[in-house]
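Working notes, structure below.
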Amino acid sequence: MRILDTRLRASAAITVAIAIAFAAVAAFMPLPASAAQTLPAADRIHARAQADVTGDGVDDSILLVGHPYGDESLFCTSHDVVVYDGVTQDRITMVLGGTSGGYPGTIFVGRIDNDNALDVVVAIPTGGSGGITNPFVVSFAGGKPRFVGDPQALARGAKLEANGLDHFRVRITDTERGKHFILGLPGPGSAQDPEVDYYDGIYSKSGKLVRPLDIDIDDAGAIEAAPIPGMGLDELVTYQKVWAVAHVNTIATVRTVWRWTGRQMAIAAVDVIPPFTPEAYAEYIRSFDKSRPAAAVEKAIAEYKARFELAPLSIREMAFREFRQFHLAIAAAEGMSLEARAGLADPPKTGEAAQAAYERLPRLASQLNASSEYKRAGLNAVYDGEGTWTVVPRPGFSVEKFGRLLPSASADFVSLDDRERNERWQYDAAIVVPLSELGSRVAAWEAYLTKYPDSMFADEAGTQFKRALSALLMGTNNTPHYDYTTKRVRPDAIEALKAYAKDYSGTPSAEAALDTLEAFEKGGNVITNAVRREINQALDRATKAGEGEI
Ligand SMILES: [Ca+2]
Numbered sequence: 029m030r031i032l033d034t035r036l037r038a039s040a041a042i043t044v045a046i047a048i049a050f051a052a053v054a055a056f057m058p059l060p061a062s063a064a065q066t067l068p069a070a071d072r073i074h075a076r077a078q079a080d081v082t083g084d085g086v087d088d089s090i091l092l093v094g095h096p097y098g099d100e101s102l103f104c105t106s107h108d109v110v111v112y113d114g115v116t117q118d119r120i121t122m123v124l125g126g127t128s129g130g131y132p133g134t135i136f137v138g139r140i141d142n143d144n145a146l147d148v149v150v151a152i153p154t155g156g157s158g159g160i161t162n163p164f165v166v167s168f169a170g171g172k173p174r175f176v177g178d179p180q181a182l183a184r185g186a187k188l189e190a191n192g193l194d195h196f197r198v199r200i201t202d203t204e205r206g207k208h209f210i211l212g213l214p215g216p217g218s219a220q221d222p223e224v225d226y227y228d229g230i231y232s233k234s235g236k237l238v239r240p241l242d243i244d245i246d247d248a249g250a251i252e253a254a255p256i257p258g259m260g261l262d263e264l265v266t267y268q269k270v271w272a273v274a275h276v277n278t279i280a281t282v283r284t285v286w287r288w289t290g291r292q293m294a295i296a297a298v299d300v301i302p303p304f305t306p307e308a309y310a311e312y313i314r315s316f317d318k319s320r321p322a323a324a325v326e327k328a329i330a331e332y333k334a335r336f337e338l339a340p341l342s343i344r345e346m347a348f349r350e351f352r353q354f355h356l357a358i359a360a361a362e363g364m365s366l367e368a369r370a371g372l373a374d375p376p377k378t379g380e381a382a383q384a385a386y387e388r389l390p391r392l393a394s395q396l397n398a399s400s401e402y403k404r405a406g407l408n409a410v411y412d413g414e415g416t417w418t419v420v421p422r423p424g425f426s427v428e429k430f431g432r433l434l435p436s437a438s439a440d441f442v443s444l445d446d447r448e449r450n451e452r453w454q455y456d457a458a459i460v461v462p463l464s465e466l467g468s469r470v471a472a473w474e475a476y477l478t479k480y481p482d483s484m485f486a487d488e489a490g491t492q493f494k495r496a497l498s499a500l501l502m503g504t505n506n507t508p509h510y511d512y513t514t515k516r517v518r519p520d521a522i523e524a525l526k527a528y529a530k531d532y533s534g535t536p537s538a539e540a541a542l543d544t545l546e547a548f549e550k551g552g553n554v555i556t557n558a559v560r561r562e563i564n565q566a567l568d569r570a571t572k573a574g575e576g577e578i
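Going by the numbering used here, the sequence shown opens with residue 29, and the numbers climb by one from there.
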């Protein structure tokens, strides 16, 4: 076992060495001859935002610009934050410098220092082993760029001491704040990683520490800005990985809160949290008894809060996606039992008995919707077309229960998705709402995808957007935009598309509406295969518009 242990250490060390060498090459070496013959790689815009960062009350455009290592490389040797002043259109550049080398990063704005201009928070993943993300906070107040807080100090975090203790424990001491944290190490034979015993030779069989235990804390791996309740200000939160023996062996996360003191950024709190993954959460909540929905949902939410309250945004979003899956599964199980309770469980689902069962469903649904069980479980029984009913999550439930722990990309997705489930725009392949309402659904999904292209729900949002836009442009099987016999396009469909193109002018979906109107006109307002093909192409262009390089 010692050999394996040493090899693990060596491989972790090599990974770090490679990452350092790569960064060094990227930062200092001239381009190879083959690359030098081609034009220098063009700067890339990795993120954009609109906000007043100069402090004059007018929104400015903020861009995160990377200088790529080469045309084919995703790696940028450094990044700048570029602001176009909303009034003068002057370009103000903040050079982030050598430590900003890395892969496409993100920006967000927050009120970090207490002036009337918002600040820009930048996170650049370095691509080094273990996911180091370099944080930068930049103020553009008065049009003069400066760092808020020292980027290197933000990356390094608090000065902490780590010591191995007997019986597979670790103590992390925060001397400055006079706090210490005790962590448990997964001991021999633990389920976490049964293949490897990281502590062989370090701990004796009885759990006595016989050799020094190697514990390390990485630089920041994630950063976020979170509102300080009641202050109108944001605090910064950084997350750092703690590992023992080998870099893959994560034993905790350090969560550091930074606040503006009036003169500088200072650490307001440090917590050390044992690891708990969204996968482990998913596995745990899946084991709950689904036949008691309220108890199961309440327990899953309490568990989420206990485990992820201090977790980074991306982990909270992943964990919430697991909760959402769980909630949908609970709802689906209730939907099945709804039919069973009405007497529709066994085939045949026809005849007088089935008829009576179908008639019982609406009353049963309204009883359940009024019940405390469904209120607590966040469930709603809704009509599902063709006489059947189903159960879906109740609108507003997740936002109400998860509160500020819910990342906005998740909260906004769930609000839109719950509306689609509770107030459907189609039943039985027929559009059942006015086309203007369908249009507002299309626009809402498109706006979501523009705002959160990297959301964990982006794929699902993309599917919803495409389905609704297709129906808006062409109608559906049972409610096409044209007359079945003459194939002539209905005038109200044409009017609806014109209105949509005007109301949402400038969006890819409005372009698709204009292209569809043009295809109708070319075809003499009669649907042919050629017209259909052109509309399909317009649909493809609009739904792919958000993908690829910006
Ligand atoms: Ca401004």
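All residues carry an ideal CB built from backbone N, CA and C; glycine is no exception.
8 Å Cβ cutoff met for residue i and residue j
i: residue 268; j: residue 254; result: no
i: residue 282; j: residue 270; result: yes
i: residue 127; j: residue 162; result: yes
i: residue 300; j: residue 209; result: yes
i: residue 173; j: residue 166; result: yes
i: residue 190; j: residue 256; result: no
i: residue 176; j: residue 141; result: yes
i: residue 437; j: residue 485; result: yes
i: residue 235; j: residue 194; result: yes
i: residue 533; j: residue 474; result: no
i: residue 571; j: residue 497; result: yes
i: residue 304; j: residue 335; result: yes
i: residue 363; j: residue 419; result: yes
i: residue 131; j: residue 159; result: no
i: residue 329; j: residue 405; result: no
i: residue 317; j: residue 308; result: no
i: residue 551; j: residue 558; result: yes
Ligand 1 heavy atom lying under 7 Å from the CB of residue i
i: residue 170; result: no
i: residue 82; result: yes
i: residue 143; result: no
i: residue 148; result: no
i: residue 242; result: no
i: residue 138; result: no
i: residue 551; result: no
i: residue 118; result: no
i: residue 113; result: yes
i: residue 88; result: yes
Contact set for residue i: own chain, Cβ-Cβ below 7 Å, skip 5 residues either direction
i: residue 212; result: 196, 197
i: residue 57; result: Only weak support exists for where residue 57 lies, its pLDDT of 34 falling under 50; the coordinates are left without a value.
i: residue 392; result: 366, 369, 370
i: residue 41; result: Summary for residue 41: the model assigns pLDDT 35, below 50, so the residue's position carries little reliability; its value from the coordinates is reported in the next sentence. Nothing listed; no residue qualifies.
i: residue 50; result: Low local confidence applies: a pLDDT of 35 at residue 50 is under 50, so the model's placement there is unreliable, with the coordinate-based value given in what follows. Taken in chain order, the list of residues that qualify is empty.
i: residue 320; result: none
i: residue 231; result: 196, 237, 238
i: residue 542; result: 529
Rounded distance between the beta-carbons of residue j and residue i, thought under 8 Å
i: residue 454; j: residue 521; result: That pair is no contact at about 15 Å.
i: residue 170; j: residue 83; result: 6 Å
i: residue 421; j: residue 355; result: 5 Å
i: residue 272; j: residue 225; result: The pair is not a contact, with the Cβ atoms about 12 Å apart (cut-off 8 Å).
i: residue 567; j: residue 540; result: 6 Å
Nonlocal neighbours in the same chain, by C-beta distance under 6 Å from residue i, ignoring five residues either side
i: residue 114; result: 86, 87, 88
i: residue 67; result: Because residue 67 sits at a pLDDT of 45, beneath the cut-off of 50, its placement in the model cannot be relied upon, and the point is left open.
i: residue 26; result: Nothing about residue 26 can be reported from this structure: the residues present for the chain run from 29 to 578 only.
i: residue 331; result: none
i: residue 563; result: 501, 502, 544, 547
i: residue 64; result: With a pLDDT of 36 at residue 64, under the threshold of 50, the predicted position of this residue should be treated as unreliable, though the coordinate-derived value follows. Result list for residue 64: empty, nothing under 6 Å.
Cut-off 8 Å between Cβ atoms - residues of its own chain near residue i, not counting five sequence neighbours on either side
i: residue 251; result: 149, 151, 161, 163, 182, 264, 265, 266, 267
i: residue 81; result: 88, 90, 111, 137, 145, 146, 147, 148, 167, 168, 169
i: residue 337; result: 433
i: residue 312; result: 331
i: residue 427; result: 434, 439, 442, 443
i: residue 125; result: 106
i: residue 449; result: 410, 420, 421
i: residue 456; result: 413, 414, 506
Closer than 7 Å: residue i CB and nearest ligand 3 heavy atom
i: residue 203; result: Of the ligands one can find in the structure shown, namely ligand 1, none is ligand 3.
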